[in-house]
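Student: Residue numbers (our numbering): 4 to 569.
In this text, a Cβ means the ideal position worked out from N, Cα and C, and glycines have one as well.
All values derive from a computational prediction rather than experimental measurement.
(1) Use the C-beta contact count for residue 301: other C-beta atoms within 10 angstroms, 16 or more gives buried, fewer gives exposed.
(2) With distance defined between alpha-carbon atoms, name the residue in 518, 535, 538 nearest to residue 556.
(3) In the structure shown, what three-state DSSP assignment does residue 327 receive?
(4) Could you give the residue range of the beta strand (DSSP E) that holds residue 393?
(5) Sorted by chain position, which residues of the same chain lie with C-beta nearer than 7 Å to residue 24's C-beta, five sequence neighbours on each side aside?
(6) Who are residue 579's beta bridge partners in DSSP?
(7) What's the C-alpha gap between residue 26 and residue 382?
(8) Quick check: the Cα distance between residue 474 and residue 113, rounded to an integer number of angstroms?
(9) Rounded to the nearest angstrom, what separates residue 37 and residue 447 at their Cα positions?
(10) For residue 465, count neighbouring Cβ atoms within 10 angstroms of its own Cβ and tell me buried if that reaches 16, exposed if not.
(11) Helix, strand or coil for residue 230 per DSSP?
(12) Does the distance from the C-beta atom of residue 100 to that of residue 472 stay below 9 Å?
(13) What are the boundary residues of the alpha helix (DSSP H) that includes residue 433?
(14) For residue 345 and residue 313, what's the separation of their Cα atoms in angstroms?
(15) My assumption, with CB atoms under 8 Å, is that residue 252 sits in contact with residue 549. Please give the rounded CB distance.
(16) Does the distance from the C-beta atom of residue 255 to that of residue 484 stay below 9 Å?
(17) What do you get for residue 207, buried or exposed, if any count of 16 or more other CB atoms within 10 angstroms of its CB means buried?
(18) Nearest by alpha-carbon distance to residue 180: which of 479, 161, 250 is it?
(19) So, at 7 Å on beta carbons, what are the nonlocal neighbours of residue 395 in its own chain, with the 5 sequence-adjacent residues on each side left out?
(20) Quick check on residue 543: buried or exposed, where buried means 16 or more other Cβ atoms within 10 Å of its Cβ?
(21) If you drop the 5 nearest sequence neighbours on each side, which residues of the same chain put their C-beta closer than 6 Å to that of residue 562?
(22) In angstroms with no decimal places, state the Cα-to-Cα distance between residue 350 and residue 201.
(23) If you pair each beta-carbon of the segment 112 to 130 with each one of the segment 293 to 312, do three or more pairs fall below 8 Å?
(24) State the start and end residues of the unbroken alpha helix (DSSP H) segment that holds residue 405.
Here it is in structure tokens:
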């Protein structure tokens, strides 16, 4: 997750974003029939179909052979000929950062592997363009930055001496602050580390400007306070991203950011109220390690919502167990190798919560009704999360672990035993050989068994494939191809890869009775593709174009006017 400010701020940014807002196009009253299509229902019996009928409420009333569907729909039905295009259930992306991605699209960002000279130039430009109280940016690669300077705070103080400055990293787990920003949150005088976070220090013991993991959250919350202006900005930032999701055939999301002190809950509620919410959203609320337990639980309970008839729910609690491997903060069973990366003194990674506190949150929040969404990258972190699920209330489940870069094979069966969902990001960037080689520098041969999707599937686990957008690629079709091309731990066939983005996330999000497959009685959440991905070479799947996306029978994206011109 990334966030930045600099190019456009305040009223100007809101005006710009409003022009890009998504306005749903409502289907005509009465029944609509889709015919002459390769319809993949994704039901357990894999029903063959070339036609589908949708009633005025967006419910599928018939699916199967064209003659049967037309007879069921009646003579007055509107008929749309898809000319042989493919139809699948709408893709469900169970791990995204939608608001932050929208902000990043219009505001200044930095290159993660830029030279220090280039970074200094980018900071100067961001300072000149920023109109607010803070200078804000994102995209810096912290290990790369620390390879170039041992005193980052001095660099930022020189370029931005007169107001707080905060530059977030390229993966959402670190931030670079100047002295005024550090002073604003009390990090200039703090001894040791704040709960769930790390403050890097220079040889003299003073903060060097780089903070890791939850230590950045106090800075974020101060820079993006829950004010009417910031709430409006967060809402308007969503709109272009919602359009992008519709263009990619995505009809359900689970936003994993959940920064409720920054007005994000209100922004989502505004989208639902204004009719601009073009996805089903089953969102998470971030659990802060530095807030008092009882106070935070009470606040999260107030924000909890789980009405199955609404598009919007806040029914998940996002619990970070550890950090990330490339920052040496992912919690691992065996220590990291000596060598590259950030030296922070935690040889086996870092934990956001002490184990008893993590377990208390799991028990308490699950009893309220929250599904537990654990961030884990290391095998020790994954084991601790599974231990916490052992103590949790299973009624809101299934609970899940997301990322799972490292997982001890001894823990594979525990997913099936507890009903825990394995949520992995199998995008090209995560599977790139250069990236794997980079991670190998930190964990050695353990890199050979990262993200064991196939092994988990074989062990009986429910596997979900999500994007973590905008940290990784969004396109479901690109991810499906990447999963199929992975030699050992990928998807064995197209149907399995599609299941990981339709049927299984519907189960994870407790909406399998309404979405995930195309069958009578379910919502017509579907995507129209220009070619049948079940019947083309795997290397062509990522080139497939989304032609239309329907949410409950209404086109939220219609490239060729298939549904809006009739």
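Tutor: Checking against the coordinates, here is how it stands:
(1) exposed
(2) 518
(3) coil
(4) Not the beta strand (DSSP E): residue 393 falls in the alpha helix (DSSP H), residues 382 to 393.
(5) Here the model assigns residue 24 a pLDDT of 33, short of 50, so the residue's position is not dependable, and the following value carries that caveat. Cβ neighbours of residue 24 beyond the five flanking positions: 242, 279.
(6) Given that the chain is displayed from residue 4 to residue 569, the structure contains no residue 579 and the question cannot be resolved.
(7) With a pLDDT of 34 at residue 26, under the threshold of 50, the modelled position of that residue is not reliable, and no figure is offered here.
(8) 14 Å
(9) 52 Å
(10) buried
(11) coil
(12) yes
(13) 431 to 434
(14) 44 Å
(15) 4 Å
(16) no
(17) exposed
(18) 161
(19) 365, 366, 369, 375, 402
(20) exposed
(21) 550
(22) 14 Å
(23) no
(24) Taken as a continuous stretch (DSSP letters only), residue 405 belongs to no alpha helix (DSSP H), being part of the beta strand (DSSP E) at 403 to 406.
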